[in-house]
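Each residue of the sequence shown is one higher than the last, beginning at 20 in this note's numbering. Even glycine gets a Cβ: it sits at the ideal position worked out from N, Cα and C. Please read these numbers as outputs of a predicted model, since none were measured by experiment. Beneath this line is the structure, given in structure tokens, with notes to follow.
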Amino acid sequence: MQKKVVIIGSGFSSLSAASYLAKAGFEVALYEKNKTVGGRARQLTKQGFTFDIGPSWYWMPDIFERFFNDFGKSTADYYELDKLSPAYKIFFSDDVITIGDSMDKICTEFERIEAGSSQYLRKFIAKAQENYDIAINKIVYRPGLSPFELVTKDTALRVDQFFKTISGQVRKQFKNPKLIATLEFPVLFLGAKPSKTPSFYSFMNFADFGLGTWHPKGGMYKIIEGMKSLAEELGVDIHTGHAVEKILVEKGRATGIMVDNKTIAADFILSGADYHHSETLLDPEYRQYSEDYWNAKTFAPSSLLFYVGFNKKLKDIEHHNLFFDTDFERHAEEIYDDPKWPTEPLFYVNFPSVTDKSMAPEGHETGFFLVPIAPDLEDTPALRQQYFDVIIKRLEERTKQKVENNIIFKESFCVNDFKEQYNSYKGNAYGMANTLLQTAFLRPGLKSKKVKDLYFTGQLTVPGPGVPPSLISGKLVSELIEQKK
Ligand SMILES: Cc1cc2nc3c(=O)[nH]c(=O)nc-3n(C[C@H](O)[C@H](O)[C@H](O)COP(=O)(O)OP(=O)(O)OC[C@H]3O[C@@H](n4cnc5c(N)ncnc54)[C@H](O)[C@@H]3O)c2cc1C
């Protein structure tokens, strides 16, 4: 008889797992609390503007391709990809660095900033590429069940890179603060300070400079739509607008869920909702991790987000823009060491309509603004407005143009929305950070240690935050469930 899996949530990890499990012959039903699928990667459309609500950087195209290839498909069957040129722009207080779409262009830009730096850059990226090959081909597709998964001939030769930090590594070779910030930026995706992130994670620099920045035409939500279609083609039964109220356990085994006061029985339960929330759906005796455990962990930042429609095209901007024109260290301290609203925030702005006409009405610009902040900060309309005024003014100053009077509308999203819309622990935006002590087998596990037939996936478990890791997380957990079939 066909065994049944119930999946909680519809983020990248849940949709990924759903397809793998359906392909393996399980009956799969997925329950999502929100009205649309996609989790943190949902879409907002308004007055002809299209916004990705969460992720906007498409890095590691090989991992997306590998996901669809596992089903005999290709990304091209579901969406069209453009390689962005330039990849992005970084605004500093006295200069702008443009990251091109090839190593040669990036080396020319590094030389402009610091003569002689390109030879170090080429060596740094060559080493980062080796790490990428090891991480992606030999480590990251392992389920984090044992420390031995990390022990390979290649990692043994690089063990020092797990104990040195990316920050130390970069600063040994580069002295210019702008180049340092440029090279430390990619590991911010892993959720911790570069000074707390092992230098082995320089593979993110290869993802950045070596593999490039891509854009699915129509936005990141096209990936979600593709994954939803794939899951449905494979027979997954998707229910949106249904919050799971409880995970049912009988004699130590997960037997089903409660939704809308009804019991749905299953052979296996898999939750892709935030791990902390998933455990609160269990009676306390079945939870593996205490509140103290979660509280002691380093979480990735939360974010203050704005979705803004402009009634004109803006100048001197690119698809991706980083505003690193204030003190990087101080902002990082105000996220991780002394959590408070940032004194002078760094921020990121995505204008997808610069390269993709479908994202805004003609002659208009779609703007997504992101200020990283510590999780669980007080979140009020007045604070949101205060920071909006600050970042719009900075955008105007750095790009030397007036934009404030060209705003048709703005929507915001912050800590309270992350909690309310995703049941996010402390309103984190992108999960639990990948620090040395929160890597692989040291992260919350894919499989419950207390309840049989209960599994977890997503950015709080293995391998970590980000869209590509979430795709991999879904694959890893489905393999564990398949072993029990
Ligand atoms: C603002 C922002 C920017 C980001 N930028 C990038 C980027 O540029 N590139 C990148 O690679 N990554 C980025 N990320 C990270 C990336 O989006 C996430 O790592 C990834 O989407 C997480 O997927 P997930 O499956 O783990 O969880 P989620 O997407 O959070 O999915 C969990 C789902 O579970 C649902 N749920 C919760 N409780 C219940 C319940 N009781 N019953 C039913 N359903 C429930 C939630 O509604 C949600 O849909 C960003 C994230 C954010 C928030």
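- With contact defined as three or more Cβ pairs closer than 8 Å, the segment 332-352 and the segment 285-298 are not in contact.
- In this structure, G245 lies away from M378, with their beta-carbon atoms at least 8 Å apart.
- Sequence-distant Cβ neighbours of E168 in its own chain, meaning closer than 8 Å and more than five residues away, are I158, R161, P162, A459, F460.
- Closest in alpha carbon position to I109, among K65, P196, S489, V486, is P196.
- Not one heavy atom of ligand 1 is found less than 7 Å from the C-beta of K124.
- Secondary structure remark: continuous alpha helix (DSSP H) runs of at least 4 residues inside the segment 269-335, in chain order: 294-299, 310-315.
- Shown here for P80: same chain residues with a beta carbon closer than 6 Å to its own, the five before and five after excluded, namely W233 in chain order.
- With contacts defined by Cβ atoms closer than 8 Å, P482 and S492 form a contacting pair.
- Counting the other Cβ atoms within 10 Å of the Cβ of V178 gives fewer than 16, which makes it exposed.
- Secondary structure of Q440 (DSSP, three-state): helix.
- Looking at the DSSP output, H339 sits in a beta bridge with N369.
- Counting only the Cα atoms, S297 lies some 16 Å from R272.
- Measuring C-alpha to C-alpha distances from V170 to each of I185, I153, T184 identifies I153 as the nearest.
- Distances from the CB of V422 to the heavy atoms of ligand 1 are all 7 Å or more.
- For the segment 49-121, the full-length alpha helix (DSSP H) segments reaching 4 residues or more read 80-88 along the chain.
- The beta-bridge partner set that DSSP reports for W233 consists of Y77, K102.
- The three-state secondary structure of V486, taken from DSSP, is helix.
- Annotation for E51 indicates a beta carbon within 7 Å of some heavy atom of ligand 1.
- Taken in chain order, the complete beta strand (DSSP E) segments of 3 residues or longer contained in the segment 377-427 are 384-392.
- By the CB criterion at 8 Å, F287 and Y39 fall outside the cutoff.
- Here DSSP, grouped into helix, strand and coil, assigns D227 to helix.
- No Cβ-Cβ contact shorter than 8 Å links K241 with Y449.
- Of the candidates L389, Q188, K247, L389 places its Cα closest to the Cα of F325.
- Closest by C-alpha distance to K23, out of A48, S32, G30, is A48.
- If you draw a straight line from the Cα of G382 to the Cα of F343, it comes to about 28 Å.
- H258 is bridged by DSSP to Y50.
- Between K42 and L253 a beta carbon distance of about 6 Å is seen, short of the 8 Å cut, so the two are scored as contacting.
- Pairing E133 with E353, the inter-Cα distance amounts to about 30 Å.
- Sequence-distant Cβ neighbours of K54 in its own chain, meaning closer than 7 Å and more than five residues away, are T259, G260.
- Comparing alpha-carbon positions, the option among T274, L365, F204 lying closest to D472 turns out to be T274.
- Under the three-state reduction of DSSP, S431 is assigned to strand.
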